[in-house]
Each structure stands twice: as C-alpha cells, then as structure tokens.
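The block underneath contains the structure these notes are about, expressed in structure tokens.
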Amino acid sequence: MTRTAYLCFVKPSLLFVLITLAAMLRALPAPAAGTETLTVAGGCFWCVESDFESVPGVIGAVSGFTGGKTANPTYDQVTKGGTGHYEAVQITFDSARVSRETLLSMFFRSVDPTDAGGQFCDRGNSYRTAVFVSNTGEKALAQKAKTNAQQALGQTVVTPILNAGTFYPAEAYHQDYYKGDKLVLTRFGPKRQKNAYKAYRKACGRDARVKQLWGSNAPFAGS
Numbered sequence: 040m041t042r043t044a045y046l047c048f049v050k051p052s053l054l055f056v057l058i059t060l061a062a063m064l065r066a067l068p069a070p071a072a073g074t075e076t077l078t079v080a081g082g083c084f085w086c087v088e089s090d091f092e093s094v095p096g097v098i099g100a101v102s103g104f105t106g107g108k109t110a111n112p113t114y115d116q117v118t119k120g121g122t123g124h125y126e127a128v129q130i131t132f133d134s135a136r137v138s139r140e141t142l143l144s145m146f147f148r149s150v151d152p153t154d155a156g157g158q159f160c161d162r163g164n165s166y167r168t169a170v171f172v173s174n175t176g177e178k179a180l181a182q183k184a185k186t187n188a189q190q191a192l193g194q195t196v197v198t199p200i201l202n203a204g205t206f207y208p209a210e211a212y213h214q215d216y217y218k219g220d221k222l223v224l225t226r227f228g229p230k231r232q233k234n235a236y237k238a239y240r241k242a243c244g245r246d247a248r249v250k251q252l253w254g255s256n257a258p259f260a261g262s
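Heads up, the sequence shown is in this note's numbering, so the first residue is 40 and it goes up one at a time.
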C-alpha cells in the first residue's frame, strides 16, 4: 500500500473512531452538579453512617478510617491503636438540597463534642470526634459550626478541625451494618446485624448522652 493510499485509509478510519468516542462520552452520565463530600469522626462509624444516610439530600455515607499514618489499615489495627486513625465517615451530599453548614451543625449535635477520650462507651483515640477539611472555605465553615456548638452548650468543645488526608473505606461487612440481615454472634446472643446494631447503640448510651447534652436540638437521638 502506498503512503498516499495508506493516508486515505487512515484518515476516514481515525475520524470514525473519534466520532464514536465522542458519542460514547456524551452517553456517559455527567457528574452530579453540586455533589460534595464531608468527612467526620463521631465515634462508632455505624452510628454516624446510619444517622446521616437518613438526611434528605445525603446521597450516601461510607464508613472508614482517616487521619493516621498506616496505609490501608484494617479495623483490628485501628481499634487496637497505634495507627493514628479515626473511625470516620465520608458523607456524599447534594449541596442543592442540603448545605455543608447544615450537616456540620447536625454533626456537632449528634455527638458529645466535649469528650476528648472517645465517644460514649467506646474509649480510645480511634473513637474521638473530628471534622476533616480540604480547603480554607471548608475550614471556616467547620470553625463556625464548632463555635456555634460551643456557645449553644456553654461548654468547651474539644472536637478538632483537621486537614483531610487519605480516607480508607472499612471492610465490606461494616458498610450499611445498621440495616444488614446477616446473622452475627454478639454479646447479646445471635442477632441480625440491624438488631445487633440497635442493641449496641442502646447499650452504649449514645442517644441518652446526646439527649442529655442537646435536648430537643439533637437531630438523631432515638433513631
């Protein structure tokens, strides 16, 4: 095949490929406008995930770990200590339906932000509260929410605002644990995951303490 004949063949073929690719790209779903993420640590990530997935405008929440130095940590590694990670939840939301400010306000009122040693029955560094931010705008909003919470409580809020790092999703069995049907063995006996979660949450005193602190301003207590 001569060079001229080759070019005559290649050009139409290349044009066809480009047209096909363009059509495929147009067919792909566009990223949702206004979709954002908020990462928080509020003790047991099952509870935080359960709480925020009930909020209109929240697309989903993933339980995981962040803030530490160990890559791809396991749940056992984090809870034993030494990795520096927090149990955290990454919340994806539609900012056209619910604002970051609203979610931050709800977060502070869903935990005990005066407790520096963990949350409720869960003690240790991995169960401490925190808000993770990626830029100065997010930091300002988080600081405002923290200040508002402190003024509302009349107590010192110890929840730190930290620079966001890598977020590692927890093992699959932790995701949506609060509504799972798998049979698990617990200290309460064999239970479906969703019932084990409810028993744990009540025994841990999460809602009782949040109600004590926040009263009618507690957005999730009793859920």
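Think of the CB as a built atom: it goes at the ideal place given N, C-alpha and C, for glycine as much as any other residue.
Point to revise | Sheet register partners of Ile200 (DSSP bridge) | key: Numbered from its first residue, the sequence shown carries residue 200 at position 161. Partner(s): Val170.
Check your understanding: Using the beta-carbon count (16 or more within 10 Å), is Glu210 buried or exposed?
Key -> Looking up residue 210 in the sequence shown gives position 171. Glu210 should be labelled exposed.
**Study point:** Beta carbon of Arg269 nearer than 8 Å to that of Gly157
**Key:** Past the boundaries of the shown model lies residue 269; the chain is included only from 40 to 262, so the question cannot be answered.
Review point. Per DSSP, what kind of secondary structure is Gly106 in: helix, strand or coil?
Key: As a first step, residue 106 is located in the sequence shown; it is residue number 67 there, counting from the start. The answer is coil: DSSP assigns Gly106 none of H, G, I, E or B.
Point to revise | Unbroken beta strand (DSSP E) run spanning Ala177, endpoints | key: Residue numbering aside, residue 177 sits at position 138 when the sequence shown is read from its first letter. Before going on, a small fix: residue 177 reads as Glu here, not Ala. No beta strand (DSSP E) contains Glu177, which is instead part of the alpha helix (DSSP H) from 175 to 192.
**Study point:** DSSP-derived helix/strand/coil call for Thr141
**Key:** What you label residue 141 is simply residue 102 of the sequence shown in a count that begins at 1. Three-state DSSP puts Thr141 in a helix.
Review point. Closest by CA to Tyr236, which one among Ala80, His213, Tyr217?
Key: What you label residue 236 is simply residue 197 of the sequence shown in a count that begins at 1. Answer by Cα proximity: Tyr217.
Review point. If you count every other CB in all the chains shown that lies within 10 Å of the CB of Gln129, and 16 or more means buried, which is it?
Key: Residue mapping note: residue 129 aligns to position 90 of the sequence shown, counting from 1. So Gln129 counts as buried.
**Study point:** First and last residue of the uninterrupted beta strand (DSSP E) at Ala80
**Key:** Locating residue 80 in the sequence shown gives position 41, where the first residue counts as 1. Looking at the DSSP string, the run of the beta strand (DSSP E) that includes Ala80 is 74 to 81.
Exercise for review: Please determine, among Thr141, Val117, Ala110, Tyr125, the residue with the shortest C-alpha to C-alpha distance to Val97.
Suggested key: Walking along the sequence shown from the start, residue 97 turns up at place 58. Among Thr141, Val117, Ala110, Tyr125, the Cα nearest to that of Val97 belongs to Thr141.
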